[in-house]
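Visitor: The listed protein sequences derive, respectively, from chains A and B. End of the first sequence sits at 113 in this note's numbering; the numbers just go up one at a time, nothing left out. End of the second sequence sits at 113 in this note's numbering; the numbers just go up one at a time, nothing left out.
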Amino acid sequence: NAGVTQTPKFQVLKTGQSMTLQCAQDMNHEYMSWYRQDPGMGLRLIHYSVGAGITDQGEVPNGYNVSRSTTEDFPLRLLSAAPSQTSVYFCASRGSGSSYEQYFGPGTRLTVT
Amino acid sequence: GNSVTQMEGPVTLSEEAFLTINCTYTATGYPSLFWYVQYPGEGLQLLLKATKADDKGSNKGFEATYRKETTSFHLEKGSVQVSDSAVYFCALNPAGTASKLTFGTGTRLQVTL
Numbered sequence: 001n002a003g004v005t006q007t008p009k010f011q012v013l014k015t016g017q018s019m020t021l022q023c024a025q026d027m028n029h030e031y032m033s034w035y036r037q038d039p040g041m042g043l044r045l046i047h048y049s050v051g052a053g054i055t056d057q058g059e060v061p062n063g064y065n066v067s068r069s070t071t072e073d074f075p076l077r078l079l080s081a082a083p084s085q086t087s088v089y090f091c092a093s094r095g096s097g098s099s100y101e102q103y104f105g106p107g108t109r110l111t112v113t
Numbered sequence: 001g002n003s004v005t006q007m008e009g010p011v012t013l014s015e016e017a018f019l020t021i022n023c024t025y026t027a028t029g030y031p032s033l034f035w036y037v038q039y040p041g042e043g044l045q046l047l048l049k050a051t052k053a054d055d056k057g058s059n060k061g062f063e064a065t066y067r068k069e070t071t072s073f074h075l076e077k078g079s080v081q082v083s084d085s086a087v088y089f090c091a092l093n094p095a096g097t098a099s100k101l102t103f104g105t106g107t108r109l110q111v112t113l
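This is the structure:
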């Protein structure tokens, strides 16, 4: 199993550009989430999904869109990038058991200039 | 709302010293509690977890006990190694919710010879 994979590892955008961060998992997990990590703030939840076709907002959803058309994939879209979105983005997944253990991808470092 | 507070870092210790990283939380009911570790340039890995009061999670010599009365989940290790140098995050997942981890801000541990 590859676990949770994310692409790209690094990305530089100009203000106003759009892009999609890719996330995929091969563990047949129902739940998937996107977090951003900023210095001194830990990780904050952006959006999450409890299954294909179902998504919901987390703590910091503004400026981001998600969709979940398959169990495996959970892309994160930035429609018009802003410098405030400079961050490291982590995707995570977990199964439907009661342990709530989440598995994280390696992250995407995004810089918006 | 839910929140996690962990001690400020960085924490600098000599090899074989005793480690404690404090973590307290605010949440309703009985959340699941986690410690995640992030090595330089990598994503987060689950270190240990506890899903109910008085549970003790343990892994790789680290341990933490879920204390409902003090709303705490302090991380301890009896003898740290240089390879333990990393950032440690305390996190909670509210009971009955899908995939919504709330993280502390992280504590950087530096272990020297």
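Positions of the beta carbon are idealized from the N, C-alpha and C atoms, including for glycine.
Listed from N- to C-terminal order along the chain, which residues in the segment 4-26 of chain A have their beta-carbon within a distance smaller than 7 Å of any beta-carbon of chain B?
Guide: Of all residues in the segment 4-26 of chain A, none has a Cβ within less than 7 Å of some Cβ in chain B.
Visitor: Please list the segments of the beta strand (DSSP E) lying wholly inside the segment 21-90 of chain B, counting only runs of 3 or more residues, in order along the chain.
Guide: The segment 21-90 of chain B contains these whole beta strand (DSSP E) runs: 23-26, 32-38, 44-50, 56-59, 62-65, 75-77.
Visitor: Rounded to a whole number of angstroms, what is the C-alpha to C-alpha distance between PRO8 of chain A and GLU69 of chain B?
Guide: In a straight line, the C-alpha of PRO8 of chain A is about 44 Å away from that of GLU69 of chain B.
Visitor: One question on the structure: do THR51 of chain B and SER32 of chain B come within less than 8 Å of each other, judged by their Cβ atoms?
Guide: Going by C-beta atoms, THR51 of chain B is nearer than 8 Å to SER32 of chain B.
Visitor: Restricting to Cα atoms, I'd like to know which of A:GLU30, A:GLY42, A:GLN17, A:THR113 is closest to ASP73 of chain A.
Guide: Of the listed residues, the one whose Cα sits closest to ASP73 of chain A is A:GLU30.
Visitor: Could you pull the start and end residues of the beta strand (DSSP E) that VAL11 of chain B belongs to?
Guide: Note, VAL11 of chain B: beta strand (DSSP E), 11-14.
Visitor: Give a yes or no on whether the minimum CB-CB distance between GLY97 of chain A and chain B is below 8 Å.
Guide: For GLY97 of chain A, the answer is no, since every Cβ of chain B falls outside 8 Å of its Cβ.
Visitor: Under a CB-based cut-off of 8 Å, is PHE103 of chain B close to chain A?
Guide: It does; some Cβ of chain A falls within 8 Å.
Visitor: Should GLN49 of chain A and MET32 of chain A be called a contact, given that it needs their Cβ atoms to be closer than 8 Å?
Guide: It is worth fixing the name first, because residue 49 of chain A is Ser in this sequence and not Gln. A contact, by the Cβ cut-off of 8 Å.
Visitor: Can you give me, in chain order, the residues of the segment 66-93 of chain B that have a beta carbon less than 7 Å from any beta carbon in chain A?
Guide: Correct list: PHE89, ASN93.
Visitor: Taking LEU46 of chain B as the query, report the chain A residues whose CB atoms sit under 8 Å from its CB, ordered along the chain.
Guide: GLU101, GLN102, TYR103, listed in chain order.
Visitor: Which residue or residues does DSSP assign as beta-bridge partners of PHE74 of chain A?
Guide: Beta-bridge pairing links PHE74 of chain A to no other residue.
Visitor: Which residues, in order along the segment 37-49 of chain A, keep a beta-carbon less than 7 Å from a beta-carbon of chain B?
Guide: Cβ contacts with chain B come from GLY40, MET41, GLY42, LEU43, LEU45, TYR48.
Visitor: Residues of chain B with a CB under 8 Å from the CB of PHE74 of chain A: which are they?
Guide: Near PHE74 of chain A there are no residues of chain B at all, since even the closest Cβ is about 11 Å away, more than 8 Å.
Visitor: Output the boundary residues of the beta strand (DSSP E) element that contains PHE18 of chain B.
Guide: It is not in any beta strand (DSSP E) - PHE18 of chain B carries neither H nor E in the DSSP assignment.
Visitor: Starting from the C-beta of THR71 of chain B, find all residues in its chain whose C-beta is less than 6 Å away, skip the five residues before and the five after it, and write them out in chain order.
Guide: Same-chain partners within the cutoff: THR24, TYR25.
Visitor: Can you name the start and end residues of the beta strand (DSSP E) that LEU43 of chain A belongs to?
Guide: It spans 43-51 - the beta strand (DSSP E) in which LEU43 of chain A sits, taken as one unbroken run.
Visitor: When the cut-off is 8 Å and only beta carbons count, does GLY61 of chain B lie next to chain A?
Guide: Judged by the 8 Å Cβ criterion, GLY61 of chain B is not in contact with chain A.
Visitor: Go ahead and label GLY57 of chain B buried or exposed: buried means 16 or more other beta carbons lie within 10 angstroms of its beta carbon, across all protein chains shown.
Guide: Counting Cβ neighbours within 10 Å, GLY57 of chain B comes out buried, since at least 16 surround it.
Visitor: Is the distance from the Cβ of SER14 of chain B to the Cβ of THR102 of chain B below 8 Å?
Guide: Not in contact: SER14 of chain B and THR102 of chain B (Cβ atoms no closer than 8 Å).
Visitor: Tell me the rounded alpha-carbon separation between CYS90 of chain B and GLY42 of chain A.
Guide: So the two alpha carbons sit approximately 9 Å from each other.
Visitor: Count the other CB atoms, across all protein chains shown, that sit within 10 Å of the CB of ARG68 of chain A; report buried if there are 16 or more and exposed otherwise.
Guide: Classification for ARG68 of chain A: buried.
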